[in-house]
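One structure is given below, encoded as structure tokens.
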Amino acid sequence: MTTVALYLAHPRPGSFNHALADAVADELRGRGCRVLVHDLYAEGFDPLLSADATGTVDAAPDPVDDGIAPHRADLAAADALVFVHPNWWGMPPAILTGWVQRVLAPGVAYKLHTADGEPVGLVKAARALVLNTSDTPEDRETTEFGDPLQRVWASCVLPYVGVPDVRRTVFRTVTDSTPAEREQWLTEARAQAAALLL
Numbered sequence: 001m002t003t004v005a006l007y008l009a010h011p012r013p014g015s016f017n018h019a020l021a022d023a024v025a026d027e028l029r030g031r032g033c034r035v036l037v038h039d040l041y042a043e044g045f046d047p048l049l050s051a052d053a054t055g056t057v058d059a060a061p062d063p064v065d066d067g068i069a070p071h072r073a074d075l076a077a078a079d080a081l082v083f084v085h086p087n088w089w090g091m092p093p094a095i096l097t098g099w100v101q102r103v104l105a106p107g108v109a110y111k112l113h114t115a116d117g118e119p120v121g122l123v124k125a126a127r128a129l130v131l132n133t134s135d136t137p138e139d140r141e142t143t144e145f146g147d148p149l150q151r152v153w154a155s156c157v158l159p160y161v162g163v164p165d166v167r168r169t170v171f172r173t174v175t176d177s178t179p180a181e182r183e184q185w186l187t188e189a190r191a192q193a194a195a196l197l198l
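The sequence shown begins at 1 in full-length UniProt numbering and counts up one residue at a time.
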């Protein structure tokens, strides 16, 4: 059975991000997957990295908060990852950034101090899907800002921890979208989720 870990980062219940996450989870479960859903805001995930956990030595889990262990266990079990979040100032919400810093730690998600000096990713998931919502038109996002979220996920974070296949879809612009457009986007999100299994 394929295991997919899904991470949702939006503080408002009933948001379109929640609808996307629900659609993806439903699609994957309908295809026989085990889906490990983490609604980071609903869980009250603590994004603050402790001083003791800032070392770069391949280390034990964060000594300050044992609550991080279930997240690391689900990451280790996942064959694929899904991240659902809005584009806020060209960044993921702070809670998800904190998740990256606390969960994707040395010795957990990557290994430093290798023989050739290059880090080695330790995450077994071979594929990841990032679904973003945005209120910035695509041409402005690309030409003026350089699509920073693409660089974050597909260049800086996921390949570094060993996930070679990073897929990303942006739904925009959300605030002026119609119900019909949103339904079409949910259908597209389901299709993207199904494609993760191919």
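Positions of the beta carbon are idealized from the N, C-alpha and C atoms, including for glycine.
Because the structure is a prediction, the values reported are computed rather than measured.
Judged by their CB atoms, residue 140 and residue 23 are not nearer to each other than the 8 angstroms cut-off. For residue 7, the enclosing beta strand (DSSP E) stretches over residues 3-8.
In the structure shown, residue 165 falls within a strand segment according to DSSP collapsed to helix, strand and coil. Minimum Cα-Cα distance from residue 87 among the listed residues 180, 37, 10 corresponds to 10. About 5 angstroms separates the CB atoms of residue 17 and residue 84; that is less than 8 angstroms, so the two are in contact. Counting along the chain, residue 85 sits inside the beta strand (DSSP E) bounded by residues 80-86. Membership of residue 71 in the alpha helix (DSSP H) is indicated by the continuous run 69-77. Here the segment 123-131 makes contact with the segment 162-170; the two share three or more CB pairs at distances below 8 angstroms. CA-to-CA, the gap between residue 157 and residue 181 works out to about 30 angstroms. Listed in chain order, the non-local C-beta contacts of residue 124 below 8 angstroms within the same chain comprise 76, 78, 79, 162, local neighbours out to five positions each way being set aside. In the DSSP assignment, residue 39 falls within the beta strand (DSSP E) that extends over 34-39.
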